[in-house]
Every structure is written in C-alpha cells, then in structure tokens.
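Residue 214 in full-length UniProt numbering is what sits at position 214 of the sequence shown, and the numbering runs on without skipping anything. Every residue, glycine too, gets a C-beta built ideally from N, C-alpha and C. Note that the structure is a prediction, hence the values are computed from the model and not measured.
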Amino acid sequence: MQSIQNIYKIGPGPSSSHTFGPMRASQDMLEHYPDADEFKVTLFGSLALTGKGHLTDKIIEKTFFPTHCTITFDLKTQCEHPNTMTIEAFKEHDTLGKHIYISIGGGKILKDQEQESEETHVYPHNSMDDIQGYCKQHHLRLDKYIDQFEDESLNSYMDKIFDAMIECVDKGLNTIGKLPGSLEIDRVASALYQSANSCDDLIERKSLLLSSYAYAASEQNASGGMVVTAPTMGSCGVLPSLLYHFYKDENYPKDTLIQGLKVAGLIGNLIQHNATISGAKAGCQAEVGAACSMGAAFVSSCNFENNAQIECAAEIGLEHHLGLTCDPVGGYVMIPCIERNAVASLRSLDAARLAKYLRNVKKNRVSFDMVVKTMNLTGSKLPLELKESALGGLAVVVPTKKNG
Numbered sequence: 001m002q003s004i005q006n007i008y009k010i011g012p013g014p015s016s017s018h019t020f021g022p023m024r025a026s027q028d029m030l031e032h033y034p035d036a037d038e039f040k041v042t043l044f045g046s047l048a049l050t051g052k053g054h055l056t057d058k059i060i061e062k063t064f065f066p067t068h069c070t071i072t073f074d075l076k077t078q079c080e081h082p083n084t085m086t087i088e089a090f091k092e093h094d095t096l097g098k099h100i101y102i103s104i105g106g107g108k109i110l111k112d113q114e115q116e117s118e119e120t121h122v123y124p125h126n127s128m129d130d131i132q133g134y135c136k137q138h139h140l141r142l143d144k145y146i147d148q149f150e151d152e153s154l155n156s157y158m159d160k161i162f163d164a165m166i167e168c169v170d171k172g173l174n175t176i177g178k179l180p181g182s183l184e185i186d187r188v189a190s191a192l193y194q195s196a197n198s199c200d201d202l203i204e205r206k207s208l209l210l211s212s213y214a215y216a217a218s219e220q221n222a223s224g225g226m227v228v229t230a231p232t233m234g235s236c237g238v239l240p241s242l243l244y245h246f247y248k249d250e251n252y253p254k255d256t257l258i259q260g261l262k263v264a265g266l267i268g269n270l271i272q273h274n275a276t277i278s279g280a281k282a283g284c285q286a287e288v289g290a291a292c293s294m295g296a297a298f299v300s301s302c303n304f305e306n307n308a309q310i311e312c313a314a315e316i317g318l319e320h321h322l323g324l325t326c327d328p329v330g331g332y333v334m335i336p337c338i339e340r341n342a343v344a345s346l347r348s349l350d351a352a353r354l355a356k357y358l359r360n361v362k363k364n365r366v367s368f369d370m371v372v373k374t375m376n377l378t379g380s381k382l383p384l385e386l387k388e389s390a391l392g393g394l395a396v397v398v399p400t401k402k403n404g
C-alpha cells in the first residue's frame, strides 16, 4: 500500500473526485504542454452527470486560465470508470497531445489507463489481517506500525493536515449566509454551535457541538473552500469534527490526536487499496461509510484501545453504512451530504464505544477485511442511478428548480 499521505490531501471543495481530481488532471496537462494555446476537455459518466453541481467546469476553467479551454459534458458515451475525462492540448489548431484521466477518488488520478506504481508503495501488507499478525508478532500498536514503515516526512505532513482540519472547522463556524448554487441552502454550523453553547444537558451539548463541527467543515467544502480529503471531500466533515472536538473541548494532546489521524489514515488506505473511496464507483458507503470507519478508529486510537478494539470500531463504522447510496440533490454536495457527515461523526463515537466493550466479551465474527470486501461487492450491485449520478434516490424526489 501507498503512504497514508495519499489519503489526506488539502484542496478546494466540493468534491475530491469531481473537483480536486479534474484540477490535478488540468495541472498535469499544463505541466506537459506549457506552450498550448487551447485545451479541449470532455467529461464522461458521473463527471458529466453531476459536474455542474460539483463545480467541475469551474475548477477546470480556473486552472487553465488564462489559456482558452472548452468543456463538453458527454452524457451518452459509456466508459469503464464513471469518473473518466479526456483533455486535448492544441497550439495554433494543431494537436499537441491528448490524454485520458480517471479520477479514482480522494483527489487521486490515473493517466492513460496507468496502474498505481508499486515503487510508491511503502507498506508490505495489504490487509488488516496481515497487519494485525505482524503487529502481534512484533508487539506493536497500529500507530507504531505506521511509524515503522513511513519516513520522517509523515510527521511534518500530518502537522499540516492537523492545522488544515482545525482551520477548516474554525472558518465554517464563523461564516454565515447561504451556500452557493440554486438550492439556496442556509449555512447552519454557526447557529448549531451557538445552540450547543447554550444547552444545559451535557450529552445533548456534546452531540450539538460535534454536529456543528461536521457542518462547519462540510459547508466549507460545499462552498469550494480548502478542506482535507478524509478520505474524500464529500466526507470531509467526519474526521475533522472529531479532531476539533477532542482538541478544543476534551483537551487531548496534539501528539495523541496526530497518532489517531495516522491510524485513521491506515484504515482509509486499506479501504481504498482493497475496494474504493469513490461515490461514483460504489455509492456513499465508500465515502461517508469509509469516513465513519476512519473516525471510529481515530476515537479508539486516541483512547489507547488495543489493536483488536480499533479494528472492531472501524469494522462497525463501515458495516452499518453498507448499501448507502450517493444521491446528491441537484448534483450539489449538500443534500444529503452535509447532514450525513454530522450523523456519521456521531456514529463514529458510538462505534468506538461499542467496540471497546464488545471485544471484552466476544470475538468479532466479521473482520474489517470482510466488511471492506462486502462494501466493494455491494457497490458493484448498486445501479448507476444511486452512484453519484443525481438520477435516483433523493436527487429525483426532493424538489429543485430543475425538477419542480
């Protein structure tokens, strides 16, 4: 597996696959064809169906500016991967080059059907079972396992990720108004936060605080602000909300929280390597489900649970999101995405709490590897309409200006 630095990336919202990925593809074309005076971009599949709501065209135009570019939304051509795009470079109407890019989730792109290079892989193990076996043999906690195989650059990188997550929530809590787009949705993170601070019930207050933090990060994402893929931008509110809560409200040490982020990154890494984190590929179970799994592992790690309890927490977090569809209303990363992040944040805490006690009384029959495999199989059975196409589910039931 690759470094967990590939799970956490800082970039502009609202979508890691539909905004961040196309931006990186455009940057790659600019790097290879600096003399081009025109670019032609064609979007296929989910990129074409929900590209407008995900600001795909806007980020491409912004990246190529001031060079002229034309963008075509091809709604008919079927590609093997739903997040496929082609970019052709021209100079004085002559073709300089044309490339196929696939945005595989989390801001990662593949070019011209290339495979991920084995040279960039830093971990010798590709499954939780193998990692647990290695850790048991060498008496390692999961965070120490990560430190053994990652180089020293990871620590400074995780510092930046920590700061970016905190800053994102801070900005979201201090911003009011409406989210961009035709849905005309009010930002509510600030109001939720104020309600939490005036709440006398401690349990209710904690839930409201955590929800306000998830809303804050998700609203920043929906506005095209800078967020962290965790593992995607559509699910960027879950882990930062937990981090912010543990840091600001519970006063956990920063070192403990960064170690927890590393463990969460390992969980996201395993999901991406053995399945997918793309909503267009497997529905929202691959995004918010994966984020909940990462969040549950983060909580368990920060509370110094053992490796088996951390795995159980991650498994519970993902298992109970199996089959979750990706049905963004109007193609925007707003309904149901923002609220779904808040719910998953609360579920992360519950999953970690349940795992702590379950592992004391019984052996888990469903391993983390099993549930990842199940998620992948489930995703392959979901129809196109329920995988980030805005052609089914809430996307066709909730009224918008387009569908009345």
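Could you spell out where the alpha helix (DSSP H) holding residue i opens and where it closes?
i	result
H273	254-274
D94	Element bounds for D94: not the alpha helix (DSSP H) but the beta strand (DSSP E), 94-105.
K363	Neither: K363 is in no alpha helix (DSSP H) and is coded neither H nor E.
A314	307-319
F298	288-302
K136	128-138
M158	153-173
L192	189-197
K144	142-149
Excluding the 5 residues preceding and the 5 following residue i in the sequence, name in chain order all residues of the same chain whose CB lies nearer than 8 Å to its CB.
i	result
S367	M128, D129, E311, E315
Q132	N307, A308, E311
G404	Any reading at G404 must be qualified, since the residue scores a pLDDT of 49, below 50, and its modelled position is unreliable; the value itself is stated next. Counting only Cβ-Cβ distances below 8 Å, and skipping sequence neighbours, we find nothing.
N174	S190
L110	Y101, I102, I104, E116
T400	S182, L183, V329, G330
Could you check whether residue j and residue i sit closer than 9 Å to each other, using their CB atoms as the reference points?
i	j	result
I185	A222	yes
I87	S26	yes
A264	L349	no
L242	F298	yes
G11	Y101	no
H99	D28	yes
L382	G289	no
F293	I258	The displayed chain sequence assigns Ser, not Phe, to residue 293. No; because the gap between Cβ atoms is not below 9 Å, this pair is not in contact.
G379	T232	no
K262	D143	yes
L209	D249	yes
L49	T19	no
E38	F90	yes
Y157	L96	no
E305	A352	yes
Where do the N-terminal and C-terminal ends of the beta strand (DSSP E) with residue i fall, by residue?
i	result
Y123	Premise fails: Y123 is in no beta strand (DSSP E) and is neither H nor E.
F65	Taken as a continuous stretch (DSSP letters only), F65 belongs to no beta strand (DSSP E), as it is neither H nor E.
K91	84-91
K111	108-111
If I measure Cβ to Cβ from residue i and keep anything under 6 Å in the same chain, skipping five residues before and after, which residues do I get?
i	result
S117	At S117 the pLDDT is 49, less than 50, meaning the model places this residue with poor confidence and gives no usable figure here.
G172	A189, A216, A217, E219, Q220
E385	L391, G392
C135	Y145, N307
N269	M1, I4, I7
L44	Checking the sequence shown, residue 44 turns out to be Phe, not Leu. Within the same chain, F44 has close Cβ partners D74, T77, C79, T84.
K387	A280, G283, C326
residue 405	Lying before the first or after the last residue shown, residue 405 is absent from the chain, which here runs from 1 to 404.
Excluding the 5 residues flanking residue i on each side, which residues of the same chain have their C-beta closer than 7 Å to its C-beta?
i	result
Y8	I161, V228, T229, A230, G265
K52	G331
A214	G237, V238, S241, N341, A342, S345
C337	S218, G234, P328
Y252	F246, C302
A36	T67, A89, F90, K91, L96
G317	C292, S293, G295, A296, R347, S348, A351
Compute the beta-carbon to beta-carbon distance between residue i and residue j, rounded to the nearest angstrom, for a pair I have assumed lies under 8 Å.
i	j	result
L239	S211	With a Cβ gap of about 14 Å, L239 and S211 do not count as contacting.
S46	S389	6 Å
M375	A282	7 Å
S195	S17	So it is not a contact: roughly 33 Å between Cβ atoms.
I335	V397	Not really, about 11 Å apart at Cβ, beyond 8 Å.
Point to revise | Inside the segment 199-253 only - alpha helix (DSSP H) runs reaching at least 4 residues | key: 202-222, 238-244
Point to revise | Those runs of the alpha helix (DSSP H) which lie wholly inside the UniProt domain "Serine dehydratase beta chain" (3-59) and span at least 4 residues | key: 21-32, 45-50
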